[in-house]
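The sequence shown begins at 1012 in this note's numbering and counts up by one.
Heads up: the structure comes next, in structure tokens.
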Amino acid sequence: MTKTKTLAISSIMAALIFVFTFLVRIPVTNMGAYMNIGDSVIYCAGMLIGPPWAAAASGIGSMLADILLGGGIYIPATLVIKALMGYVCAVMMKNAKLPRFILACVIGGAIMVLGYGLFEWFAFGFAYAIGALPFNLIQWGAGVAVAAALYYPVKRAKGLLQQ
């Protein structure tokens, strides 16, 4: 893919991550935390574009949702955690078949759970982090399930984009 095409696809992926995070969310605390299925698009971005591009799209799309949703203190953590998710998934998904794709999604979700767990522990205390853990686990599972369902269409789209 040309750099222009990669930039365009990355921008579209950032927009989709934003939309799936912003529109499909369930608030879980009064501190600005919410569950969403934007992670499923992060995993798909990892399959479509290379690591630095997937990291940028993931971090920026997720952070913009936090900004518009009033995520406040979560904004910098979201940028870093989601960018790391996108980067790691993209590294693991190079020419990935379905089992490796799912493994990459599981590892990406683990990064999310661990990242937000540590952030919430330091920002709000251990009890808060433990209380938020079930919601992060649900988001992890839902993101992996939705991404797995999208594997074949995304694989086909990747093939078309590389022509």
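Just so you know, even glycine gets a beta-carbon here, dropped at the ideal spot from N, CA and C.
- Looking only at Ile-1028, Pro-1038, Ala-1025, the smallest Cα-Cα distance to Phe-1146 is reached by Pro-1038.
- Taking all protein chains in view, the Cβ of Ala-1076 is crowded by 16 or more other Cβ atoms within 10 Å, so the residue is classified as buried.
- Judged by DSSP secondary structure, Ile-1037 falls within the beta strand (DSSP E) whose first and last residues are 1036 to 1038.
- Burial check for Ile-1028: the Cβ neighbour count within 10 Å reaches 16 or more, so the residue is buried.
- Residue state for Asn-1106 is assigned as coil, using DSSP reduced to three classes.
- The segment 1136 to 1146 and the segment 1102 to 1112 do not touch, with fewer than three beta-carbon pairs separated by less than 8 angstroms.
- The criterion of a C-beta distance shorter than 8 angstroms is satisfied by Cys-1100 and Ile-1053.
- Per DSSP, the beta bridge partners of Met-1046 are Ile-1037.
- Residue environment for Ala-1160: exposed (fewer than 16 other C-beta atoms within 10 angstroms of its C-beta).
- With contacts defined as CB atoms closer than 8 angstroms, Thr-1032 and Gly-1049 qualify as a contacting pair.
- Using a Cβ distance threshold of 8 angstroms, Gly-1120 and Trp-1151 count as a contacting pair.
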